[in-house]
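Asker: Residue numbers (our numbering): 5 to 251.
Starting off with a structure, shown below.
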């Protein structure tokens, strides 16, 4: 049986799923971070994260197949242990957070993402691989809470100076790995259940359409303009979540 959500909630869920697919397809990578905060405006953010994870895993399979062979495996291997540590930490503190706590965290993460995209750091030379440890731990924690690991991953990988294709493929494989790590604790905590699985299955075609759109948009749409629109949307959603959490 599908969750008994309102029309507005289902609209936000469908839009969020599509946007995540577009991001997974490699277009405007990272703005899939908008998905859980957007859903959280209408439904429990914990339910939103649980609903989205099975879809992310399906999208990961599609995206990894599309980009396989172009990734920098050395970078992936550097990040795997620290991402696992981050997921374990987030699992241990998950029961301490209620709906409003998570909405507040999502709002703060959203605004931090906006700030990151505005000041987006660059380095004159690649940063040390030692930064993979704090970055990976942050990826694991933010990804577990809200599937929002893009900012800390980008903070590490952008200054590593990978070419665009290698960067997209490496990001795709890292997110596939961390999403797989999150599956056991999500099941253990009850964030994924029979109701959420049904909703996820219904949304698979939307996810597939999003990925195909992302691959198609790669060379056809002005990514800079699209990013600006996403940043504006992220700022609005972040402020609304904070107001809702504190209200």
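For every residue, glycine included, the Cβ atom is placed at its ideal position computed from N, Cα and C.
If you follow the alpha helix (DSSP H) that residue 215 is in, where does it begin and where does it stop?
Answerer: As a first step, residue 215 is located in the chain shown; it is residue number 211 there, counting from the start. Run containing residue 215: 198-221, per the alpha helix (DSSP H) assignment.
Asker: Considering only residues of the same chain and omitting the five flanking positions on each side of residue 249, which have a CB-CB separation below 7 angstroms?
Answerer: One-based indexing of the chain shown puts residue 249 at position 245. Hits under 7 angstroms: 104, 107, 108, 111.
Asker: I'd like the span of the alpha helix (DSSP H) that includes residue 27, first residue to last.
Answerer: Here residue 27 corresponds to residue number 23 of the chain shown, with the count starting at 1. 11-28 is the extent of the alpha helix (DSSP H) around residue 27.
Asker: Check whether the Cβ atoms of residue 211 and residue 63 lie closer than 9 angstroms to each other.
Answerer: Numbered from its first residue, the chain shown carries residue 211 at position 207. Numbered from its first residue, the chain shown carries residue 63 at position 59. Against a cut-off of 9 angstroms, the Cβ pair of residue 63 and residue 211 comes out as a contact.
Asker: Whole angstroms is fine: what's the gap from residue 192's alpha carbon to residue 224's?
Answerer: Here the question's residue 192 lines up with position 188 in the chain shown. Here the question's residue 224 lines up with position 220 in the chain shown. Whole-angstrom Cα-Cα distance: 42 angstroms.
Asker: In whole angstroms, what is the alpha-carbon distance linking residue 38 and residue 20?
Answerer: Position 34 of the chain shown, counted from the first residue, corresponds to residue 38. Position 16 of the chain shown, counted from the first residue, corresponds to residue 20. So the alpha carbons of these two residues sit roughly 7 angstroms apart.
Asker: According to DSSP, is residue 105 helix, strand or coil?
Answerer: Residue mapping note: residue 105 aligns to position 101 of the chain shown, counting from 1. In the structure shown, residue 105 sits in a helix (DSSP, three-state: H, G or I).
Asker: If residue 195 sits next to residue 89, beta carbons under 8 angstroms apart, how far is it from one beta carbon to the other, in whole angstroms?
Answerer: As a working note, residue 195 is residue 191 in the chain shown. As a working note, residue 89 is residue 85 in the chain shown. Actually they are not in contact, since the Cβ atoms of residue 195 and residue 89 sit about 20 angstroms apart, beyond 8 angstroms.
Asker: Closer than 7 angstroms by C-beta to residue 118: which residues in its own chain qualify, once you throw out the five before and the five after it? Chain order, please.
Answerer: Here residue 118 is taken as the residue at index 114 of the chain shown, counted from 1. So the list reads 235, 238, 239, 242, once near-sequence residues are dropped.
Asker: Is it true that the CB of residue 113 sits closer than 9 angstroms to the CB of residue 7?
Answerer: Here residue 7 refers to the residue found at position 3 when the chain shown is read from its first residue. Here residue 113 refers to the residue found at position 109 when the chain shown is read from its first residue. Contact flag unset, no.
Asker: With a CB to CB cut of under 7 angstroms and the five nearest residues on each side skipped, what residues in its chain are close to residue 183?
Answerer: As a first step, residue 183 is located in the chain shown; it is residue number 179 there, counting from the start. These residues qualify, in order along the chain: 57, 60, 61, 64.
Asker: Express the C-alpha separation of residue 201 and residue 153 in angstroms, rounding to a whole number.
Answerer: As a first step, residue 153 must be located in the chain shown, where it is residue number 149. As a first step, residue 201 must be located in the chain shown, where it is residue number 197. Distance between the alpha carbons of residue 153 and residue 201 is about 23 angstroms.
Asker: For residue 166, collect the residues of the same chain with a Cβ closer than 7 angstroms to its Cβ; drop the 5 residues on either side in sequence, then sort them by chain order.
Answerer: Within the chain shown, numbered from 1, the residue matching residue 166 stands at position 162. The residues are 76, 174.
Asker: Rounded to the nearest angstrom, what separates residue 157 and residue 251 at their Cα positions?
Answerer: Taking the first residue of the chain shown as position 1, residue 157 is located at position 153. Taking the first residue of the chain shown as position 1, residue 251 is located at position 247. Rounded to whole angstroms, residue 157 to residue 251 spans 32 angstroms at the Cα level.
Asker: Tell whether a beta-carbon distance below 9 angstroms holds between residue 66 and residue 215.
Answerer: Numbered from its first residue, the chain shown carries residue 66 at position 62. Numbered from its first residue, the chain shown carries residue 215 at position 211. Yes, they are a contact pair.
Asker: From the DSSP output, in three-state form, read off residue 5 for me.
Answerer: By one-based count along the chain shown, residue 5 stands at place 1. It is coil, neither helix nor strand.
Asker: May I have the straight-line CA-CA distance separating residue 220 from residue 18, to the nearest angstrom?
Answerer: Your numbering for residue 220 matches position 216 in the chain shown. Your numbering for residue 18 matches position 14 in the chain shown. Each residue's alpha carbon lies about 20 angstroms from the other.
Asker: Cutting at 8 angstroms between CB atoms, please list the residues of its own chain near residue 9, excluding the five before and the five after it.
Answerer: Reading the chain shown from its first residue, position 5 is the one you call residue 9. Same-chain partners within the cutoff: 17, 46, 47.
Asker: From which residue to which residue does the alpha helix (DSSP H) around residue 133 run?
Answerer: Indexing the chain shown from 1 puts residue 133 at position 129. That residue, residue 133, is in no alpha helix (DSSP H); it is neither H nor E in DSSP.
Asker: Taking the beta carbon of residue 100 as the centre, do at least 16 other beta carbons fall within 10 Å, making it buried, or is it exposed?
Answerer: As a position in the chain shown, residue 100 is number 96, starting the count at 1. With fewer than 16 other Cβ atoms from the protein chains shown falling within 10 Å of its own Cβ, residue 100 counts as exposed.
Asker: I'd like the span of the alpha helix (DSSP H) that includes residue 100, first residue to last.
Answerer: Counting from 1 along the chain shown, the entry for residue 100 is found at position 96. Taken as a continuous stretch (DSSP letters only), residue 100 belongs to no alpha helix (DSSP H), as it is neither H nor E.
Asker: So, for residue 130: in the same chain, excluding its five sequence neighbours on each side, which residues have a beta-carbon less than 8 angstroms away from its beta-carbon?
Answerer: By one-based count along the chain shown, residue 130 stands at place 126. Excluding sequence neighbours, residue 130 sits near 163, 164, 165.
Asker: Rounded to the nearest angstrom, what separates residue 169 and residue 206 at their Cα positions?
Answerer: The count along the chain shown starts at 1 and reaches residue 169 at position 165. The count along the chain shown starts at 1 and reaches residue 206 at position 202. The alpha-carbon atoms of residue 169 and residue 206 are separated by roughly 31 angstroms.
Asker: Measuring CB to CB, does residue 81 end up less than 9 angstroms from residue 179?
Answerer: For the purposes of this step, residue 81 is identified with residue 77 of the chain shown, where counting begins at 1. For the purposes of this step, residue 179 is identified with residue 175 of the chain shown, where counting begins at 1. Their beta carbons are not under 9 angstroms apart, which means residue 81 does not touch residue 179 by this criterion.
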